[in-house]
Amino acid sequence: MAAAGSVTVALHVAEVLETIVSGCLGPEGRQVLCTKPTGEVLLSRDGGRLLKALHLEHPVARVMVACVSSHLRKTGDGAKTFIIFLCHLLRGLREITGKEKDFFPFENIQTCGRHWKNCCQWKFISQALLTFQTQILDYVMDHYLSRHFLSIFSSGTKERTLCRGSLEMLLGAYFCGRVGRNNHNLISQLMCDYVFKCTACESSFEEVLEIVDDCFVELKVGVTGLPVSDSRIVAGLVLQRDFSVYCPADGDIRIVIVTETIQPLFSISGSEVILNSEAQFQTSQFWITERTKAIVKHLQNQNVKLLLSTVKQPDLVIYFAGLNGISVVECLSSEELSLIQRVIGLVPFVLPEASSQYELSHTALVKFCKPLILRSKRYVHLGLMSTCSFTPHCIVLCGPVQGLVEQHEDALHGAFKMLRQVFKDLDLNYVTQTSDQSCTSGPRIYKNSRESNELPKIANSSIQRSYQDTVVKNKGELAKTQTNLKVCSNLIVPSVKLEKNVLCSTPKVAVTDSYQTDETLRYSSPNKGRIMDDHEPLIENNSANSKTENTRKEISYENLQVTKLARKDSILPLRYKSLEMCTSQSYYFSSIPAGCVLPVGGNFEILLHYYLLNYAKKCQQSEQTMVSRIIANALLGVPKILYKSKKGNYSFPQVYVRALQALQTNQPMKSNQTGLESVAGKYELLTSVLQCLTNILTVDLVINIKRQPQEVYDQDSEEEL
Amino acid sequence: MSRLEAKKPSICRSEPLTGERTRASLAALRGLVTSCYGPAGRLKQLHNGRGGSVVTTSQSAALLAGLPVSHPVLKVLTAAVRNHVACFSDGGLFTAILCCNLVENVQRLGLTPTTVIKLNKHLLSLCTSYLKSEVCACRIPVDFSSTQILLSLVRSILTSKPACMLIAKEVDHISTLILRAFLLTIPENAQEHIILGKSIIVPLKGQRVIDSAVLPGILIEVSEVQLMKILPIKKSDSFKVALFGVSLSGDLSDTGEGTLLVSYGVSLENAALDQLFNLGKQLVSDHVDLVLCQKVIHPSLKQFLRTHHVIAVDRIGVSLMEPLSKVTGAWPIGSLGSISPSSYGSIKDLCIAKFGCKHFFHLIPNKTTICSLLLCNRNDTAWDELKLTCQTALHALQLTIKDPYVLLGGGCTETHLVAYIRHKTRNEPESVLQDERCSQTELQLITDAFCSALESLAGSLEHDGGEILTDSKYGHFWSVQANLPSAVNWPDLLSRCGCGLYSSQEELSWSFLRSVRHPFPPQTCLSCEATGSASTLTLDCFTAKLSGLQVAVETASLILDLSCVIEDTN
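Protein chains in written order, with the numbering used here: chain E, 2 to 722; chain Z, 61 to 630.
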């Protein structure tokens with residue numbers, strides 16, 4: 002099998018997958034019915050599940066599916082977009098290579114055959130892709146895109162609190178792509194209620210999400226045969242089994258957990274019991290009975306009303322428990338046990354060795370404990386009193402068929418994964434190379450001025466000059482954004498922050514920067530005013546004297562503080578600028594803060610497309626320009642499909658042109674759709690796709706092996722060692 | 061070692077509904093369920109050439125359970141119906157027919173799934189909110205002070221299952237029995253939460269249906285051999301009962317995981333038997349009259365108990381344990397050592413009864429909510445069908461207690477709903493059009509499809525080529541024989557509407573159901589006199605029908621939304 006046509010082959014595969022997947026994408030997407038080998042049917046719109054259900058044989062397809070599933074493990078979303086984006090990238094690559102034969106420097110190597118030449122060519126491209134992914138993408142995200150970000154956290158307080166409206170929009174958009182269109186409103190509303198009901202205090206969403214994500218299987222109950230609209234949330238924990246003994250009890254109920262049988266065993270494993278007479282046997286039986294009775298009696302004396310057991314208890318225990326008014330639930334799974342332990346912090350009760358009196362310390366209280374009947378099946382319903390920030394609630398999911406219930410379960414679980422991801426910061430790091438001509442010039446000028454030593458004015462003016470230079474340069478380069486001085490000022494921020502020497506000019510730039518972002522995104526005025534006040538004296542300070550190194554450092558320190566303060570106070574500004582300086586000056590660390598979102602409907606794609614094209618225009622290295630262009634164009638694939646069925650004013654070309662106009666004139670983009678999506682998720686998706694593409698491109702030969710796959714004995718060898 | 065086997069790639073088909081195969085199998089399923097529907101429905105005989113019994117039925121539960129379905133789309137449909145039946149017992153055929161009709165009707169239109177699903181959902185909510193509202197004219201509140209409505213409900217369920225092979229007299233008998241059995245399960249002093257008891261259906265095949273009976277308490281079948289050993293029961297006011305959950309067979313109980321070394325000459329069996337005798341002695345000294353055991357009682361212990369005039373019955377089985385515990389008030393004993401006196405129960409009377417060729421212990425309780433329904437029918441298949449029907453009826457009664465309404469049956473609810481929807485969408489379409497962003501034509505098309513699905517559902521009650529009419533005042537369902545002369549006087553031909561609420565002498569005007577009619581507002585707000593005057597009505601369970609309607613529309617939307625089918629061929 003030759004790799005000569007690797008892009009063509011990969012494109013064929015990707016196109017086939019795209020046709021399947023694109024039918025399910027977005028709010029207009031439809032359902033797919035999968036049958037399992039067991040004969041069950043499953044409804045799904047989950048890209049990952051569909052790709053797995055296809056059982057693909059083609060090697061390239063298998064690589065793609067593997068990449069998708071590893072991406073899904075990380076983020077829980079974006080499988081369909083992954084395939085579509087990959088397909089468009091491959092299409093773009095083939096067009097380029099078909100057109101520009103002389104583009105590649107490797108073309109002149111005559112000794113290699115055409116096939117190897119091709120391979121080199123692909124390798125070259127994949128390296129360019131890798132460079133793009135590691136450097137340019139982060140740079141563009143940080144510098145251009147970040148000003149458009151919104152946050153799902155509500156403003157006003159210092160702590161991050163989740164705003165219900167934004168959460169609804171985020172979840173609504175997510176479920177639009179995951180569940181059938183007559184149910185997504187209901188499910189997203191259900192999930193939203195669930196999240197808020199489960200969270201005891203507003204600042205502990207992350208913890209709650211972690212628990213729910215980990216223990217989701219235990220927190221949902223699927224019921225078939227009822228209409229979906231009967232789905233609801235019940236307070237407390239529902240265990241999917243019935244009571245072995247149920248004794249109704251009122252008020253607060255004390256519970257214990259046991260992990261072994263209460264009845265002592267006649268003999269334990271590994272031991273020998275020698276019986277010399279019948280009486281001996283009878284006595285030991287009698288002792289066992291009496292001891293069991295004593296333990297249960299003791300539990301009753303301690304006012305225990307419910308016994309949760311991970312193992313099956315013998316009849317004797319059940320009998321005595323029933324007599325003493327203790328309800329018993331047996332055979333709890335280890336997951337259920339760990340969930341209960343996590344929620345109420347209860348340690349299993351250890352049976353004492355001696356039969357003497359002992360203290361029962363490990364008990365807890367529950368509010369109620371009663372049977373719950375769903376579709377004539379009985380469940381145990383516990384009103385746990387939480388000791389952590391998670392207030393236990395269960396989701397009862399109804400649906401006419403099992404396949405639909407499972408789809409909703411999967412979608413909900415995925416949504417919790419996605420939310421967890423949203424609550425994390427995403428680090429960006431990049432090396433500035435191309436765009437920072439000003440960056441290199443700035444410090445140089447300043448060094449000169451520092452050599453002249455006592456001329457802050459000149460220094461200042463030189464910085465001024467460099468500043469204006471960049472402006473002019475940028476003006477020249479960004480033909481379309483001529484009017485946009487703010488963009489330019491943004492651009493300079495890193496450059497001026499580079500050297501401590503330059504720091505005296507930092508406040509000014511930083512202030513204008515934060516101030517202007519404030520203005521462009523229309524944030525509340527009181528904050529703005531205060532920021533200005535804070536900054537004014539500092540600026541004066543700087544312009545007045547920059548003689549001693551010490552003051553400079555102080556100022557710089559304060560400046561940083563101020564910028565941080567400004568970030569905290571403004572409402573939805575997501576200029577999360579904590580640029581730190583590394584040993585090497587051109588390395589940057591920044592991050593997409595937690596909770597960053599953009600409106601749905603291809604907003605992210607169009608924005609990135611726009612800025613990448615701009616970047617490509619400025620860029621001098623040809624291969625980078627090319628790669629940026631390809632990616633920028635491929636990005637449009639997703640919104641194209643999303644707007645496919647729309648007509649007139651809402652068709653894709655119209656939306657696209659409007660968005661570009663808005664960007665050029667620096668006005669906010671208007672979106673006709675309600676709904677938000679996570680930026681971090683999109684970013685992760687983009688990097689995963691690029692990695693997958695490099696993966697596909699770098700392979701030059703596929704070797705087909707007919708032999709049975711061999712097992713890997715990794716663990717065994719470790720044990721032997 | 062695990063077997064590693066490469067999986068075969070799946071088959072992926074796009075647009076599954078447009079294919080000829082799907083259309084044909086959907087039509088086949090529709091034909092099958094439609095022909096079973098209603099009192100005049102045709103029976104189906106399910107028979108497996110490899111063996112097993114032959115099933116004659118017209119109920120969806122039995123029909124779909126035995127029907128092998130291979131097409132994935134139909135699998136979804138039948139699974140939905142079966143789940144509905146598992147939840148509500150009633151309304152399976154209703155759901156299946158409506159769902160098939162909806163899919164076929166909408167498929168023909170060729171509109172985009174988004175519009176279809178949105179509008180279907182809207183029409184459904186129109187129906188459900190009307191059915192739940194106070195002005196609804198096809199819903200009757202249940203008056204628990206008389207049995208009339210409940211009896212009508214049970215009768216309607218019984219008559220709609222022709223495979224039970226009942227004649228009119230038998231229907232009357234069985235329906236009163238069912239209602240009596242149900243009333244016996246209601247506790248006398250009801251508090252906030254009513255916990256209903258249980259009616260245990262006891263099979264008695266080969267007897268006349270008229271011999272069926274309802275008895276309070278529990279019947280335990282005993283063989284004739286067992287009966288010989290049992291002494292004549294002494295007369296007493298009350299009997300003390302011990303109920304054992306643990307085996308009394310004298311085998312060694314769990315001895316743990318270790319090894320057991322037994323010295324020569326020591327017999328553990330004897331030790332265990334000794335223990336049993338001690339237990340027996342305790343029972344005797346506690347004056348227990350009746351010992352019931354879920355598992356096996358050792359013959360020696362049985363003998364011992366018999367000599368002390370204690371009746372012992374073993375092998376009761378786990379299913380009777382809970383009712384027995386309820387009836388007697390005894391706690392299932394799990395210990396061989398010591399028995400707490402509080403775990404004994406009591407019954408009022410105990411007698412041996414003979415029904416047909418079977419002998420039973422009859423435990424007559426003091427006061428409980430458990431009763432036994434002794435059900436007879438001529439042959440096995442008819443008995444199976446009757447049992448299923450009785451369960452359905454009992455379940456329907458339970459659901460009616462929860463939500464005390466019944467719906468008009470006999471097709472009247474459907475035709476009335478159609479009249480309501482048509483009127484509503486014709487006269488007040490603005491609200492829909494604004495909310496759902498669709499055009500007037502689209503709304504009209506979907507409304508027609510939805511209404512004609514409901515109409516042909518009502519029409520499938522007629523199997524003998526008759527014509528179906530609807531009146532223009534109430535929007536009810538009327539059927540006439542086939543082959544009528546062209547000019548007729550309708551009031552003479554028609555007697556009562558499908559549900560039996562209105563008679564034809566009321567100055568109504570009729571038109572054919574399938575003809576084009578002008579939308580009219582059907583009369584809302586059912587008057588009390590109307591329901592009071594009619595003696596026998598055909599009624600349907602409210603909860604089951606409402607949920608069936610929702611499930612049918614939801615499933616149809618689900619099927620219409622499919623863009624492709626991936627079949628795993630492994």
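Idealized CB from N, CA, C, for every residue including glycine.
None of these values were measured; they are calculated from a predicted model.
Grouping DSSP H, G and I as helix and E and B as strand, with all else coil, what is residue i?
i: Leu-127(Z); result: coil
i: Ser-245(E); result: coil
i: His-382(E); result: strand
i: Asn-165(Z); result: helix
i: Leu-608(E); result: helix
i: Pro-173(Z); result: helix
i: Asn-109(E); result: Reliability of the predicted coordinates at Asn-109(E) is poor, the pLDDT of 43 falling under 50, and the value obtained from them is presented with this limitation in mind. Three-state DSSP puts Asn-109(E) in a helix.
i: Lys-258(Z); result: strand
i: Gln-105(Z); result: strand
i: Val-703(E); result: coil
i: Lys-548(E); result: Because the pLDDT of Lys-548(E) is 37, which lies under 50, any placement of that residue in the model is unreliable, and the question is left without a value.
i: Phe-391(E); result: strand
i: Asp-600(Z); result: strand
i: Cys-693(E); result: helix
i: Val-306(Z); result: coil
i: Asn-430(E); result: strand
i: Ile-71(Z); result: strand
Could you tell me the boundaries of the alpha helix (DSSP H) in which residue i lies?
i: Tyr-175(E); result: 165–177
i: Trp-550(Z); result: 550–553
i: Asn-437(Z); result: First-last for Asn-437(Z): 430–437, but that is the beta strand (DSSP E), not the alpha helix (DSSP H).
i: Phe-217(E); result: 217–220
With respect to the beta strand (DSSP E) encompassing residue i, which residues constitute its N-terminal and C-terminal limits?
i: Lys-414(Z); result: 409–415
i: Asp-628(Z); result: Here Asp-628(Z) belongs to no beta strand (DSSP E), and DSSP marks it neither H nor E.
i: Leu-422(Z); result: Checking the sequence, you will find His at residue 422(Z) rather than Leu. Where His-422(Z) is concerned, the enclosing beta strand (DSSP E) stretches over 418–424.
Measure how close the beta-carbons of residue i and residue j come, nearest whole angstrom, since I'm counting them as under 8 Å.
i: Val-259(E); j: Leu-308(E); result: 7 Å
i: Phe-602(Z); j: Arg-81(Z); result: Contact doesn't hold; Cβ gap of about 38 Å is too wide.
i: Ser-220(Z); j: Gly-98(Z); result: 6 Å
i: Thr-388(Z); j: Leu-303(Z); result: 6 Å
i: Ala-509(Z); j: Leu-169(Z); result: 6 Å
i: Pro-60(E); j: Gly-226(E); result: With a Cβ gap of about 44 Å, Pro-60(E) and Gly-226(E) do not count as contacting.
i: Cys-199(E); j: Val-213(E); result: 7 Å
Handout entry: Residues, ordered as in the chain, of the region 214–239 of chain E that lie near chain Z by beta-carbon distance below 8 Å
Key = Thr-225, Gly-226, Leu-227, Pro-228, Val-229, Ser-230
Problem - Cβ contact check for the region 660–680 of chain E and the region 30–50 of chain E: 3 or more pairs under 8 Å - result: no
Practice task
Report the residues of the region 238–267 of chain Z with a CB closer than 7 Å to any CB of chain E, ordered along the chain.
Solution key: none
Handout entry: Residues, ordered as in the chain, of the region 171–187 of chain E that lie near chain Z by beta-carbon distance below 9 Å
Key = Gly-181, Arg-182, Asn-183, Asn-184
Problem - Stretch-stretch touch, CB-based, cutoff 8 Å, three pairs: the region 63–73 of chain E with the region 682–702 of chain E - result: yes
Practice task
Taking only beta carbons into account, state which residues of the region 19–33 of chain E come closer than 9 Å to chain Z, listed in chain order.
Solution key: Answer in chain order: Thr-20, Ile-21, Gly-24, Cys-25, Pro-28, Glu-29, Gly-30, Arg-31, Gln-32, Val-33.
Problem - Near-chain Z residues of the region 309–322 of chain E - C-beta to any C-beta below 7 Å - result: Pro-315, Asp-316, Leu-317, Ile-319, Tyr-320
Problem - contact_flag[the region 320–329 of chain Z, the region 265–280 of chain E] where n(CB pairs < 8 Å) is 3 or more - result: yes
Handout entry: Residues within the region 261–275 of chain E neighbouring chain Z, beta-carbon criterion of under 7 Å
Key = So the close ones are Leu-266, Phe-267, Ser-268, Ile-269, Ser-270, Gly-271, Ser-272, Glu-273, Val-274, Ile-275.
Practice task
Compile a chain-ordered list of the residues in the region 53–69 of chain E whose CB is closer than 7 Å to at least one CB of chain Z.
Solution key: Ala-54, Leu-55, His-56, Leu-57, Glu-58
Practice task
Identify each residue in the region 280–293 of chain E for which the Cβ-Cβ distance to at least one residue of chain Z is less than 9 Å, and report them in chain order.
Solution key: Ala-280, Gln-281, Phe-282, Gln-283, Gln-286, Phe-287, Ile-289, Thr-290, Glu-291, Thr-293
Handout entry: Cβ contact check for the region 391–409 of chain Z and the region 307–324 of chain E: 3 or more pairs under 8 Å
Key = yes
Handout entry: Cβ-based contacts, 9 Å cut-off: residues of the region 240–260 of chain E near chain Z
Key = none
Exercise for the section: Would you check if the region 122–141 of chain E and the region 617–632 of chain E touch, i.e. whether three or more CB-CB distances between them fall below 8 Å? Expected result: yes
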